[in-house]
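Just so we're aligned, residue 1 is where the sequence shown starts under the UniProt record's numbering, counting upward by one. Built from N, CA and C at the ideal position, the CB exists for glycine as well. A quick note: this is a predicted structure, and the numbers were derived from the prediction, not measured.
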Amino acid sequence: MPPSSGNPVFYGWKLSVLMLFGNCMFQGGAIYLMNVFIQPFGELYGWNRGELGSAQGLGSFVGMAAAPLLASFAMRIGLRKTMLLGSLCGGFSLIMLARIPDLWLFTLNFCLLWAASQACGGVLGNALMSNWFVRHRGKAFGLANFGMSFGGVILPFAALFLTNTVGVQTACAILGAIALLVLVPGVWFLVRDTPEELGMRPDGDTAPDAAGEKTDMAAPNAGEPNPTVSELLRNLLIYRVGFAFTFGILVGAGAVAQLKPRISDLGYNDATAMAFLCLTALCAACSKYGWGWLADRLSPIRAARMLFVTGAVAMALAFLPQNIVTVALFAALSGLAMGSWTLFPAVLADIFGRAHFIAVYRVASVFVFFKSFGYIIMGKSHELTGTYDGAYLVFCALFAAAFFLIPREGTKYRRSPAALAESAVEPPAGKPAASA
1 MPPSSGNPVF
11 YGWKLSVLML
21 FGNCMFQGGA
31 IYLMNVFIQP
41 FGELYGWNRG
51 ELGSAQGLGS
61 FVGMAAAPLL
71 ASFAMRIGLR
81 KTMLLGSLCG
91 GFSLIMLARI
101 PDLWLFTLNF
111 CLLWAASQAC
121 GGVLGNALMS
131 NWFVRHRGKA
141 FGLANFGMSF
151 GGVILPFAAL
161 FLTNTVGVQT
171 ACAILGAIAL
181 LVLVPGVWFL
191 VRDTPEELGM
201 RPDGDTAPDA
211 AGEKTDMAAP
221 NAGEPNPTVS
231 ELLRNLLIYR
241 VGFAFTFGIL
251 VGAGAVAQLK
261 PRISDLGYND
271 ATAMAFLCLT
281 ALCAACSKYG
291 WGWLADRLSP
301 IRAARMLFVT
311 GAVAMALAFL
321 PQNIVTVALF
331 AALSGLAMGS
341 WTLFPAVLAD
351 IFGRAHFIAV
361 YRVASVFVFF
371 KSFGYIIMGK
381 SHELTGTYDG
391 AYLVFCALFA
401 AAFFLIPREG
411 TKYRRSPAAL
421 AESAVEPPAG
431 KPAASA
């Protein structure tokens with residue numbers, strides 16, 4: 001049944017908060033927890049930073065391969081059931097994270113954690129937000145993806161406290177149990193694929209309005225069959241958007257993956273280094289919503305260009321003399337530059353439209369596979385040179401490339417008659433296919 005009309009909170013915001021928690025535990029866990037666990041794992045199992053960096057990279061790469069598969073799966077059985085499976089897998093992976101002494105099995109488990117982050121949050125969380133919001137889409141994406149960086153604010157200190165108190169294995173078990181206890185019932189009882197299932201409209205609107213009509217189902221291509229994979233792969237727009245945000249996401253993930261060890265190498269103690277890491281995570285968390293708000297106020301593409309400039313400046317700060325001021329600025333601006341996860345779906349929805357969002361996102365998410373190289377670049381830079389300077393130089397160049405790759409303002413994807421003729425009829429975004 002739909003919520004009471006007297007309820008001032010639109011139901012979609014409750015789903016956004018649930019996705020915030022999923023991103024916090026799974027994506028935030030995969031990115032930030034290793035800053036705490038990388039040294040205990042090395043002591044426990046004898047792994048060095050290069051090996052763990054490669055494990056993170058390979059785990060992320062294989063795990064990200066699940067994003068388009070999960071999107072296709074969700075188009076068949078629905079978002080809710082797919083998210084339930086993801087929450088179960090993610091909780092189990094966190095519990096097992098510190099209990100696997102074999103590096104390859106550890107990497108496989110890390111793949112499972114990353115795959116779960118795309119199911120309960122990630123790509124499917126963004127698809128859910130695209131279904132429930134139009135006029136407030138940027139803020140909804142921002143709130144949901146806020147969880148990824150919010151995890152960096154609370155998880156490192158929580159994990160450090162638990163590790164010092166009860167040991168790393170019990171710490172991971174506690175974190176996994178919390179994820180299971182919140183997300184499994186939350187997904188089952190709250191998630192509905194579209195507002196129409198509850199007799200509502202996107203944004204809680206009671207009727208179509210002029211603002212909504214500009215970007216809702218009346219947008220170009222609405223009512224048409226979903227574009228096929230081959231159709232999208234023949235279009236330059238998907239490559240420009242895909243690689244631009246892949247570069248942004250790659251740098252954000254890579255720079256943060258070993259931020260705490262890098263700051264420790266500068267001579268700061270563990271508590272201070274962890275405080276800088278949390279500053280980065282706090283700025284990243286705020287920027288997730290901030291970039292989404294800016295995308296709603298200006299435009300997603302204009303906000304993206306501003307993001308990429310911010311990222312290039314942040315990486316350049318690593319080459320200045322390092323003191324408390326430059327390290328703090330580097331940590332803060334690195335966090336502010338981690339808004340790609342918010343603006344990526346916002347730009348895709350702006351260019352391709354709400355009606356086909358999940359069909360487009362399952363193809364665009366393939367490009368994010370390359371983000372895994374961020375972990376490898378950081379790990380190998382330290383392993384080969386003893387510093388991270390080489391990695392930061394590459395990251396500056398990638399942000400510059402992203403700035404020039406992003407399409408110009410007002411770009412819209414318009415399909416040719418030939419493309420429409422070859423389109424296979426697929427279920428609407430986020431809805432299961434009808435049985436034969």
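Whole angstroms are fine: how far does the CA of residue j sit from the CA of residue i?
i	j	result
V9	H136	14 Å
M83	S72	13 Å
L20	L70	19 Å
P300	G339	11 Å
A402	V123	21 Å
P220	G151	Caution is warranted here: a pLDDT of 42 is assigned to P220, below 50, making its placement in the model unreliable, and no coordinate value can be reported.
F319	L277	19 Å
F357	E409	19 Å
E383	L44	20 Å
V394	L198	48 Å
N235	T411	13 Å
F146	Q118	15 Å
S334	I178	29 Å
L85	T385	42 Å
F245	D389	22 Å
A331	L160	20 Å
A433	L58	Unreliable positioning characterises A433 in this predicted model, as indicated by a pLDDT of 43, which lies under 50. The coordinate reading is nonetheless provided below. A433 and L58: Cα-Cα distance of roughly 33 Å.
Q56	P40	15 Å
V187	F26	15 Å
T272	L112	32 Å
For the alpha helix (DSSP H) that contains residue i, what are its first and last residues?
i	result
T342	340–352
G57	49–64
I406	Here I406 belongs to no alpha helix (DSSP H), and DSSP marks it neither H nor E.
residue 437	Since the first and last residues shown for the chain are 1 and 436, residue 437 lies out of range.
F146	137–166
N269	Taken as a continuous stretch (DSSP letters only), N269 belongs to no alpha helix (DSSP H), as it is neither H nor E.
I358	357–364
K14	11–22
T326	324–336
P300	300–316
V36	28–45
Please determine, among the options, the residue with the shortest C-alpha to C-alpha distance to residue i.
i	options	result
V368	F110, V36, G63	G63
A275	N35, L18, A30	N35
I376	A255, A273, A127	A255
A284	L348, N235, E197, V153	V153
L155	G379, K14, T326, L282	L282
P101	L250, V168, A67	V168
A328	F245, I263, T228	I263
K260	L15, F37, G12, L18	F37
L94	G242, C172, G142	C172
L162	A98, K14, K412, G59	A98
W13	T194, G28, L108	T194
A400	E51, A304, V325	A304
Y268	N323, L232, V313	N323
F404	D296, L112, L237	L237
A311	G57, L250, V191, V184	First, the amino acid is wrong: residue 311 is Gly here, not Ala. The residue with the shortest Cα to Cα distance from G311 is L250.
L336	N109, S16, G142	G142
L33	N131, L108, A115, S149	S149
C396	I77, R414, G91, L317	L317
Please classify residue i: does DSSP put it in a helix, a strand, or coil?
i	result
H382	helix
V191	coil
C120	coil
D205	coil
K412	coil
L398	helix
G71	Strictly speaking, residue 71 in this sequence is Ala, with Gly absent from that position. Helix at A71.
A98	coil
P427	With a pLDDT of 48 at P427, under the threshold of 50, the predicted position of this residue should be treated as unreliable, though the coordinate-derived value follows. In the structure shown, P427 sits in coil (DSSP, three-state: anything other than H, G, I, E or B).
L198	helix
F133	coil
N109	helix
Y392	helix
P8	coil
Can you find a C-beta in chain D that's less than 8 Å from the C-beta of residue i?
i	result
A349	The structure shown contains no chain D; it holds only a single protein chain.
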